[in-house]
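Each step along the sequence shown adds one to the number in UniProt numbering, with nothing skipped, and position 138 is 138. Each remark here refers to the structure printed beneath this line.
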Amino acid sequence: MYDLNVLWHGSGVSEIEMKKMIAFLIELGYSTIALNCMVYGKIGKKIVNPIRSNIVECERSIRILSRVTIVLEEGSQNYNLYSATDTFDILAVRPMNEKMFQHACTSMDVDIISLDMSQRLPFYIKHSTVSIAITRGIRLEICYGSSISDINCRKNLISNASALIRATRGKGIVISSEASNLMYCRSGYDVINLSTFWGLSQEKGRDAIGKEAKYVIIHGEARKNTSKGVIKLVDDKILQEKRNVKEELVHQINKKNKTSP
């Protein structure tokens, strides 16, 4: 089982609480956890990855991944996704309006599009838009953690999750906790049952914490490798251009020496 959204202790949760959540998720049978660093506003040249995979020591085998979620609020902001491409295992965005949602689905090279399900969505989710995202290999995320202790958030989650599932026809869905507290963590069985209230079948609910989540990781690895390949191609091209300039310079010097008396 996978939980690809457990808040990193720099994103509104203490380090002690985060370690407790990881230990509890291991007890619940999760084999892979992604620690999520939230980023707001303008992005600099480089997003530093603060997440350490050896944050906890445990007897059971557990894979801990690093994730960054960039909150998209305005089109005029500098969303320098390239600065996080090869830094984090999972690259996610959280669009806060319809314009940014459409942009993320159709143009951005990310692994996950995550909507804030605890608040009423300010736009209608269209099948045509989410279909493009899924075709491009992006998965759409439903997070349930914040709805556990707040009745209004719970109502919004049911409404928003149902709308997303209806638009996607139940395809390309990943379910995560976005837990900031131990009480927000749930077993795989509970998550699957929750998903049936939103309109997913038990099989699709199982996939949302299983093979769909695994696909996100594979997609992230491919994205990082592609990025490294592009960088290598650029570096090789620059190196070759330098060689060409040097060879041309040597040729000109030799030519000049031959013509000199």
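Ideal placement from N, C-alpha and C gives every residue a C-beta, glycine not left out.
In this structure, DSSP gives residue 195 a helical state, which the three-state scheme calls helix.
For the pair residue 123 and residue 101, the Cα-to-Cα distance works out to about 9 Å. Within the model, the alpha-carbon separation for residue 165 versus residue 116 is close to 15 Å.
Restricted to the segment 108 to 146, the beta strand (DSSP E) segments that are unbroken, complete and at least 3 residues in length are 112 to 114 and 139 to 143, listed in chain order. Within the DSSP bridge table, the entry for residue 95 names 72 as partners.
By DSSP's assignment, residue 26 forms no beta bridge with any residue. Here residue 3 carries a strand assignment [DSSP, helix/strand/coil].
Straight-line spacing of the CA atoms in residue 142 and residue 176 works out to 6 Å.
The three-state secondary structure of residue 200, taken from DSSP, is coil. When C-beta atoms of the segment 29 to 47 are compared with those of the segment 61 to 71, three or more pairs fall below 8 Å, so the two segments count as touching.
Taking 8 Å as the cut-off, the beta carbon of residue 121 is found no closer than this to the beta carbon of residue 94. An exposed status is given to residue 48, since fewer than 16 other beta-carbon atoms sit within 10 Å of its beta-carbon. When the five nearest sequence neighbours on each side are left out, the beta carbons in the same chain lying within less than 6 Å of the beta carbon of residue 40 are those of 71, in order along the chain. Distance check between residue 44 and each of 6, 8, 84 and 195 places 84 closest, using alpha-carbon atoms only.
Taking each of 127, 198, 210 and 169 in turn and checking the Cα distance to residue 154, the smallest one comes out for 198.
The C-beta of residue 182 has fewer than 16 other C-beta atoms within 10 Å across all chains shown, which makes the residue exposed. In the structure shown, residue 106 adopts helical secondary structure according to DSSP, grouped into three states. Taken through DSSP and simplified to helix, strand or coil, residue 54 comes out as coil. Residue 171 and residue 128 have their alpha carbons spaced roughly 13 Å apart. Distance between residue 222 and residue 53, taken at the CA atoms: about 20 Å. Counting only runs of at least 3 residues, the segment 148 to 196 fully encloses the following beta strand (DSSP E) elements, listed from N- to C-terminal order: 173 to 176. Between the alpha carbons of residue 99 and residue 57 lies a distance of about 43 Å.
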